[in-house]
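Below: one structure, written as structure tokens.
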Amino acid sequence: MLISSSVFCIGACGFIIRKNPLIMFMSVELMLNSVNFLLIAYSSFLNSLDGQIFALFIMTVAAAEVVVGLAIILTIFRTRHEMDVDHINALKG
Amino acid sequence: MLSLIIFIPLLTAMVLIFVGRDNTGLIKIAGVGAATSTLLVSLWLLFSFDVSNPGMQFVQTLHWVPALHINYLVGIDGISLWMVVLTAFLGVVSILMSLNQKKDLRNFIALMLALEAGTLGVFLALDTILFYVFWELMLVPTYFIIGLWGEGRRVYATMKFVIYTLVGSLLMLVAILTLTMVHYGATHEVTFDLRILTHTHIDPFMQIWMFLFFFVAFAIKIPVFPLHSWLPHAYVACPIPALILLTGAMSKTGAYGFLRFCLPLFPEAIESMALVIGFMAASGMVYGAWIALAQKDIKALVAYSSISHLGFIVLGIFAQNGEGIQGSVLQMFNHGIIASALFLIVGFIESRMGTRNLGELRGLSKSMPVLYGVFMLVMLAALGLPGLNGFVGEFLILMGVWTSHLLAGLASILVLMGGLSIVFASIYMLYMFQGSMQEKPTVENNSDISSSEFKLLLPACILILLIGLYPKPIIDRVSPSVESLLHLEKTVNLETGKDNDHH
Amino acid sequence: MFASSWFILLFPLAGFIFLSWYGNRISKILVGSIGCGVVGASFLTSLVALSNLLFLPAEERVGKVQVLYQWISSGNFKLDLAILVDPLSVFMFLIVTGVGFVIHIYSIGYMHDDPEYARFFSYLNLFIFSMLVLVAAADFFFLIVGWALVGLASYLLIGFYKEKTSAVLAARKAFVMNVIGDVGMVIAAFVIFESFGTLNFIEVFAAAPGTFRINDDQILLITLLLLVGAFAKSAQLPLHTWLPDAMEGPTPVSALIHAATMVTAGVYLIARCHVLYELAPFTMYLIATVGVLTAIFAGTMGMLQYDIKRVIAYSTMSQLGYMFLAMGIGVYSLGMFHLMTHAFFKALLFLAAGSVIHAMDGEQDIRKMGGLRKVMPLTHATFLIGALALAGFPLTSGYFSKEAIILSSYHEDMGNFIFWAIALITAGMTAFYIFRVYFSTFIGETRSPDAHPHESPTTMVLPLIILAVFALGGGLLSPLVDGFLAPVFGREAHHFHDGFLETIALIAGIGGIATAALVYQVSKDRIELIKEAFAPLYDLVFNKYYIDEIYDLLIVNPTKAIGAFMEEKAEKQGIDFAVDEVGFQVKEVSRRISFWQSGRIRSYALNMVAGMVIILLFVVFL
């Protein structure tokens, strides 16, 4: 559990600190994986399959999300040539 | 049968959207047809009404949201009867008046019909959630009508009106839900049926804040001083046809709400708050009248006079006795007729002279003798000339206040304030009437009101005279319901959680 | 038996409705015939009622109520639409319809050239109808209805020349003062209902003695509130300012409304409610005091006015003061008798004045008249008779009625020396001012060489003659009236005979006439000198003691100012502003919060994490 939470924190910090969207994405993946890790660990500890099934779920969703997210980043890059997340603030309000 | 009244205008409104914009002939026929058939149904109700029955008549029940026990429940009694007839009548008048609307006739008529349907629904609903739905339903068309077809600062006016009213309505929603929860706490039965809820005994402390929430909603709607400041803007901005419905029917929904909800549900709360509210109402009477004295725009003048007259109505309700409440209900009907007639006249004058400013209007009686006569009659009714309908209502209300147990402490002051506002009414009404109709005219060749315009005013004139001569039929139909309202018994015992009186 | 009495009211009502609708489309002759005809029919029907009443023995003549239908039944408040036929109401019927009829005939001639002839007659009919409702009402509610309708009719008639600004304003003033009176009476009705549970005259008067002690607070309240209405309608102090201005209306209007009928409504009210007033001696005393003060007050003003109609108007105010004096000291039938004689001679004076004005092409200033005796013999004769009656010259009807009141003011239990003294002085003044007008108008040489006065047409002169006959012979009716009204008042008025006081009164009257004659002889320059010597006093009285100005200053202008103030401050800057502020503040708050919505993903993420941590802490530690 310790490993899991520390990896999660690293991922979170990475998400907050880095400006490059690609790196932010990697951090998100890190966080997801940490959660997976925790789930599987506990599933074996508790001898229940629920954790593993849920981990599979997460992986599927993560994959889908990566696809969409990368597509969005690519589109933004093509139109604005920005790689700094702070400058993409059109939703400011 | 009863639901026809609501759904004829509502469905017509919805259907009209599919009609082509330019098909004015069809639009006009549809509008007038819907309004007239609604009026006919309401008249049928009037004649089939059982005068001796104090309870709800023509009740219709349909399941709506069974899971939450919300039903489509409508009914009519002595109090709502005249309101329904009034609204239906004003619906016809206002639709006829809107037929020369040049801009986007189809949408205008549709919105007016929707407004009429909403108002009728408020008067008929017996399920609290249904009441709330119709209450809000009145707002939407009004927002558009004032915002799109209005004049002057119309957007400001309509925003103010809608948001102000909404604040009150939301508080009312909270209270409505609490009401059902209290009832549930006592009987473990979820219901929104008002007839059952009014028999629930509610703890006096709870009563006070629930009453206050309802009060705020209704007080904003009528309006009661000092929550009235949306009115001058909204009334002045609103086009005359919609204004007729607004002041004639919609303002009465608040007063009706007092009678239908507050009086039966929260008697102890009312006992403690009556003096304050009575004083507020009386202040509104004087305040509205006093400001009307200073107005030069005749539309604004009539608007402020409405605040004054509506104050009378509220005052009568909180006198909590037969004369006071019956006077109020009568006056609700009277004011609907008189105020709408006044605004019609204002509209006629404006369409001829192009101005509403008393400084520029003079001597119109020379070219418009028929309007002169009608204006005089309506004006006299508005200032409460004894012998006409306005006086009957005012007399009953003030007498109710004078003999009221609830308002005993302030009775003489309240009645004096009423007297003062009557004196003021004579001043500002004469000021408006004489100022526009008498003295040497500035423009000579105006055309008098046409026969179709006269026909719009004729029913009002007849009613003004008739009710002054013979108010008994109206009062007779209102009386039983009011008496049963005043003597309502709280039969749901909070302790045992059982309904002692099975219906 | 008295069901026919409904027609007394219905005839003029029909006249009003018909003439206002069709009046413009039918010939003037027809309009005049209908207008006069309905009033004449009313008069005849009133005679029928009179004879029916006389058939009955005296005790049975009271309390005959004719009910048409139940008008309302709300809570405890029940009311019928009904009329009361008793000696008092029949007495008023006869006066109203009789004098009204005569005035209608006069109007045919006087208003002949007016384009709005039909409208005038329709309003006159409306007035007669309203006045009849007032005196026929069987309960306080319909009394108030009649009261207000009379106010309406007088508004319409005073403001008849509606293109004239002064007339329009005078009409408004009269109406608003009337409404003030109405409100007083309405509140009185509430108190009555609260005390007696009914508004019906017969029931209230029967129950009153048993319910209240003398000078009980409630009864004082009722009588005082009713008095507000009475004083407003009868132009007593302080609600009198509308009467002089009301002269803006055509002269027949002044004759009808301000001589014979409307202004007497207040006197009628007290007579009708005498049962209540007898329980409130304090109020009675107040009535007598105000009456006598108004009498002398108006007398002083009448002495200085130049407009012939205004002088007569002030004399009306003054004579009404006498009537109230009579009511205040309890001699009701004497007050009513004076009401009747006054109706005769005052209407006569107004109509004669109208005849003069008509002849002088609208001139109303007596300084510009003179010598009309030669040109208008009939008008002159009738005016003289009227003046003599007003001055209380022996053998005229005015003598019998006024004398009786003056004597009673001394001898009656409730009278006193001061009342008598003031009444006496006023009598002297009355004689003076009316004869001042007489001399100035009819005697000597004409001061308007350009005018071509001529005697008025028959339709105008005939009424003058009729009224003159009654003004002279009315005195004979005195014992009859007393006897007739006795059942209503419970007793006959005591007629005092005090030779000494009667002589004094006679001297006062003749002295007044003589002074007027003397003054007339005195040259203009001398008069100017006297005026300058007394300048401040003269100005004060001539300008009606500046009461109008005081009212303007204390009441009218502040009211308008407060109205404007309220609109500016209370509405725009106060309540409305507050509401708008609320909206504005909400917008401000949301504007500030919106900074949080920076559009930057990373700060969102930071917030999310922070929030999560806090929640975790909560969960773990709580």
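Chains as they are written, first to last, in the numbering used here: chain A, 7 to 99; chain B, 5 to 507; chain C, 3 to 624. Beta carbons are placed, not taken as given, at the ideal position from N, Cα and C, and that holds for glycine. Bear in mind the structure is a predicted one, so any value in this text is a computation, not a measurement.
Where does VAL97(B) land, buried or exposed, given buried means 16+ other C-beta within 10 angstroms? Looking at its Cβ environment, which holds 16 or more other Cβ atoms inside 10 Å, VAL97(B) is buried.
Here's the rule: buried if 16 or more other CB atoms are within 10 angstroms of the residue's CB, otherwise exposed. What is THR42(B)? buried
Does the stretch 86 to 100 of chain B touch the stretch 120 to 129 of chain B, meaning 3 or more C-beta pairs lie closer than 8 Å? yes
Three-way DSSP call (helix, strand, coil) for LYS66(C) in this model: strand
Would you give the residue range spanned by the alpha helix (DSSP H) that HIS67(B) belongs to? Premise fails: HIS67(B) lies in the beta strand (DSSP E), 61 to 69, not in any alpha helix (DSSP H).
Reference MET508(B); option with closest CA among ILE274(B), TYR160(B), ILE224(B) and TRP153(B): The structure shown does not extend to residue 508(B), since chain B is modelled only from 5 through 507, so no value can be given for it.
How is the beta strand (DSSP E) around GLY79(B) delimited, first residue to last? Run containing GLY79(B): 74 to 80, per the beta strand (DSSP E) assignment.
What residues in the stretch 396 to 425 of chain B bring their beta carbon closer than 7 Å to a beta carbon of chain C? PHE399, LEU400, LEU402, MET403, TRP406, THR407, VAL419 and GLY423
Can you give me the C-alpha to C-alpha distance between GLU443(B) and PHE437(B), rounded to a whole angstrom? About 11 Å.
Is VAL87(C) helix, strand or coil when you go by DSSP? strand
With a cut-off of 8 Å on the beta carbons, I'd call PHE177(C) and GLY148(C) a contact; round off their distance for me. A Cβ-Cβ distance of about 16 Å is found for the pair PHE177(C) and GLY148(C), leaving them out of contact under the 8 Å criterion.
Which first and last residues belong to the alpha helix (DSSP H) in which LYS348(C) is found? 334 to 361
Contact belief for VAL91(A) with ARG604(C) at Cβ below 8 Å, rounded distance in angstroms: 6 Å
So, does the stretch 179 to 193 of chain C touch the stretch 231 to 247 of chain C, judging by three or more C-beta pairs under 8 Å? In the pairwise beta carbon analysis, the stretch 179 to 193 of chain C is classified as touching the stretch 231 to 247 of chain C: at least three pairs are separated by under 8 Å.
For ASP247(C), three-class secondary structure by DSSP: helix
Within chain B, the residues that SER1(C) reaches when beta carbons sit closer than 8 Å: Since the first residue of chain C shown is 3 and the last is 624, residue 1(C) is not available in this structure.
Determine the direct distance from the alpha carbon of TYR76(B) to that of LEU20(B), and round the result to whole angstroms. 25 Å
Less than 9 Å between the beta carbons of GLY331(B) and GLY423(B), yes or no? No, these two residues do not count as a Cβ contact at 9 Å.
Hey, out of VAL439(C), MET362(C), ALA433(C) and VAL64(C), whose CA is closest to TYR112(C)'s CA? MET362(C)
Neighbour-count burial assignment, GLN335(B), 16 or more Cβ in a 10 Å radius: buried
Start and end residues, alpha helix (DSSP H) containing LYS513(B): For chain B, the structure presents residues 5 to 507; residue 513(B) sits outside this window and is missing.
Alpha carbon to alpha carbon, how far is ILE22(A) from ALA607(C)? Give it in angstroms, no decimals. Looking at the two C-alpha atoms, the distance is approximately 6 Å.
Contact with chain C by ILE10(B), beta-carbon distance below 9 Å: Under the Cβ distance rule, ILE10(B) does not count among the residues neighbouring chain C, no pair being separated by less than 9 Å.
Whole-angstrom Cβ separation of VAL41(C) and ILE130(C), contact assumed at under 8 Å? 6 Å
What would DSSP say about LEU55(A), mapped onto helix, strand or coil? coil
Residues near ILE424(C) in its chain [Cβ-Cβ closer than 6 Å; skip 5 each side]: VAL294 and ILE298
Closest by C-alpha distance to SER411(C), when choosing among PHE491(C), THR561(C), SER124(C) and GLY323(C): GLY323(C)
Can you list the residues of chain B that ARG27(C) reaches, using a CB-CB cut of under 7 Å? Under the 7 Å cutoff, chain B gives no residues; its nearest Cβ is about 13 Å from ARG27(C).
Per DSSP, LYS225(B) forms a beta bridge with which residues? Its beta-bridge partners do not exist; DSSP assigns none.
Three or more C-beta pairs below 8 Å linking the stretch 238 to 257 of chain C and the stretch 87 to 99 of chain C: no
Cα-Cα, which of ASP301(B), MET380(B) and VAL333(B) is closest to GLU364(B)? ASP301(B)
Return the chain-ordered list of same chain residues with a C-beta closer than 8 Å to the C-beta of ILE9(B), the five sequence neighbours on each side being excluded. THR42, VAL45, SER46, LEU49, VAL88, ALA92, LEU124 and LEU128
Taking only the alpha-carbon atoms, compute the straight-line gap between ILE19(C) and SER124(C) and give it to the nearest angstrom. 7 Å
Report the option in VAL34(A), LEU44(A) and ILE59(A) whose CA atom is closest to the CA atom of SER10(A). Out of VAL34(A), LEU44(A) and ILE59(A), the CA that lies nearest to the CA of SER10(A) is found in LEU44(A).
Chain-ordered neighbours of ILE22(A) on chain C, where CB pairs are closer than 8 Å: Within chain C, the residues near ILE22(A) are ARG604, ALA607, LEU608 and VAL611.
Please work out which residues of its chain come closer than 7 Å, Cβ to Cβ, to ALA354(C), disregarding the five sequence neighbours upstream and downstream, and give them in chain order. THR381, THR384, PHE385, GLY388 and LEU466
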